[in-house]
Amino acid sequence: MPEKRISIHATRYDPEHDKEPRLQTYDIPFSDESMVVLDALNYIKSHVDGSLSYRWSCRMGICGSCGMMVNGTPKLTCSAFLRDYWPRAVVVQPLNNFPLIRDLVIDMDDFMHKLKSIKPWIIRKQEIPLGAGEHRQTSDQIDEFRQFSECINCMLCYAACPVYGLNNEFLGPAATALARRYNLDSRDEGLKQRLPVLAESEGVWECSFVGECSVVCPKGVDPAKAIQQTKLDTTMRFVLPYGNRE
Amino acid sequence: MSTSEANATPREYPWRMPANWWTRSRHYFWYIVREFTAVPLALWLLWLLVEIKRAGDGPARYSPHGSAPFVIFSVVVLLFSLYHSFTFLSLAGSILHFKLLDRPVSASVIVMSQFAAWAVASGVIGFFLVWLGR
Chain V
0 MPEKRISIHA TRYDPEHDKE PRLQTYDIPF SDESMVVLDA LNYIKSHVDG
50 SLSYRWSCRM GICGSCGMMV NGTPKLTCSA FLRDYWPRAV VVQPLNNFPL
100 IRDLVIDMDD FMHKLKSIKP WIIRKQEIPL GAGEHRQTSD QIDEFRQFSE
150 CINCMLCYAA CPVYGLNNEF LGPAATALAR RYNLDSRDEG LKQRLPVLAE
200 SEGVWECSFV GECSVVCPKG VDPAKAIQQT KLDTTMRFVL PYGNRE
Chain C
0 MSTSEANATP REYPWRMPAN WWTRSRHYFW YIVREFTAVP LALWLLWLLV
50 EIKRAGDGPA RYSPHGSAPF VIFSVVVLLF SLYHSFTFLS LAGSILHFKL
100 LDRPVSASVI VMSQFAAWAV ASGVIGFFLV WLGR
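Residue numbers (numbering that gives the first Met the number 0), protein chains in the order written: chain V, 0 to 245; chain C, 0 to 133.
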């Protein structure tokens, strides 16, 4: 019986030699039904072409490093099974909406700046001394923000967002979801520090609710919901007389 | 030069959004349809303002514009406005976030209440239009 094989079309781009990205085809063995797209890239890197560049780390959907466009859809390549595509070829491209550094490696600096701008950590007006014990929360208080805390910064939501693709000044889905995660945390007191970033025109108001960010999220986070709820919150703070109080 | 081109270092290949991006996914396509339903609706509402101004000339001189193309346009606008309203109200569950009796109200209840409010409002407005037109 002939060996089962699959074609991988991967983006190649060498900034020192190529004017623009191109696709290169690799025909590799598809020997194991549990193979994922990342396994295919690793096979190519190890056995066919060691110059292929891409990011990956944990291989278990936790680190968020291996996000790429798989047949035009943003996916974590460690959880995109080849069996779902075979016998068709698989086209692997860098995440949309970001500048390309090399092959499948995108420049994520813009996202890192945006992430830092919303201060994704617990801000206290006055720190509680360690000796005072834990800052306890009820289950209901945790449920308020839990889903937004699942974000792994994989940037699939940015790749799926045409608003960000057209205007990369837009704060974007993941950064807003993480801002909401901290704003909803009963231990946090940093809302007023985050609001100037969230409420500006390139913040949540740039979003026109395409909703694809929530569709592609591999962790079940709903960034579109975070953005719309933040719009409502900022409006209420502006409209209601008591809105600006802490 | 786009922002992404400006931000890219010389050795990076900048991202360029293709003009046909909205045809590349069914979801994007229906998003664009949803957004553009507002355009004919706005045109129809502008025409309504003209009709109201004409009605101000008195019943003797007023005759509503009822040509076949206008009726067809109105029906199309009605369908567009129904689609726009349906998509807008369906998204309400993601937007509204509040508690009732100290428990969060589920998205499905919020969406159903929005549709119920829409039906009641349409019924009330329809009743008054018929009642005033008698």
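Beta carbons: idealized from backbone N, C-alpha and C, even for Gly. From a predicted model like this one, the values you see are computed outputs, not experimental measurements.
Helix, strand or coil at residue i [DSSP, three-state]
i, result
"V/L22", "strand"
"C/Y12", "strand"
"V/V89", "strand"
"V/I141", "helix"
"C/H64", "coil"
"V/K115", "helix"
"C/G125", "helix"
"V/A158", "helix"
"V/H134", "coil"
"V/H16", "coil"
"C/V49", "helix"
"V/R179", "helix"
"V/R101", "strand"
"V/K124", "coil"
"V/I27", "strand"
"V/Y163", "helix"
"V/E32", "coil"
Proximity winner among the options, relative to residue i (alpha-carbon distances)
i, options, result
"C/L81", "C/T22, C/A118, C/F28, C/M16", "C/A118"
"V/D48", "V/R54, V/L40, V/W55", "V/L40"
"C/L47", "C/W20, C/R25, C/V76, C/I94", "C/V76"
"V/D142", "V/L129, V/Y181, V/L194", "V/Y181"
"V/N96", "V/E133, V/S148, V/T72", "V/T72"
"V/P98", "V/N167, V/S78, V/P161, V/I61", "V/N167"
"V/L51", "V/I7, V/K124, V/K74", "V/I7"
"V/P195", "V/K3, V/Y25, V/R236", "V/R236"
Range of the contiguous beta strand (DSSP E) that encloses residue i
i, result
"V/K74", "72-75"
"V/G66", "66-69"
"V/S6", "4-11"
Where the alpha helix (DSSP H) containing residue i begins and where it ends
i, result
"V/R82", "Taken as a continuous stretch (DSSP letters only), V/R82 belongs to no alpha helix (DSSP H), as it is neither H nor E."
"V/L190", "190-198"
"V/L40", "36-42"
"C/D101", "Neither: C/D101 is in no alpha helix (DSSP H) and is coded neither H nor E."
Anticipated Cβ contact below 8 Å, residue i with residue j, distance rounded
i, j, result
"V/V162", "V/S207", "6 Å"
"V/V90", "V/L22", "7 Å"
"C/Y30", "V/V220", "Not quite, the Cβ-Cβ distance comes to about 20 Å (not below 8 Å), so this is no contact."
"C/A41", "C/H83", "Not really, about 11 Å apart at Cβ, beyond 8 Å."
Exercise. Are at least three pairs of beta-carbons, each pair with one atom in the stretch 172-181 of chain V and one in the stretch 219-233 of chain V, less than 8 Å apart?
Worked result: yes
Exercise. Would you say the stretch 61-78 of chain C touches the stretch 101-119 of chain C, given that touching needs at least three Cβ pairs under 8 Å?
Worked result: no
Exercise. Is the stretch 104-119 of chain V touching the stretch 177-193 of chain V in the sense that three or more CB pairs, one from each, lie closer than 8 Å?
Worked result: yes
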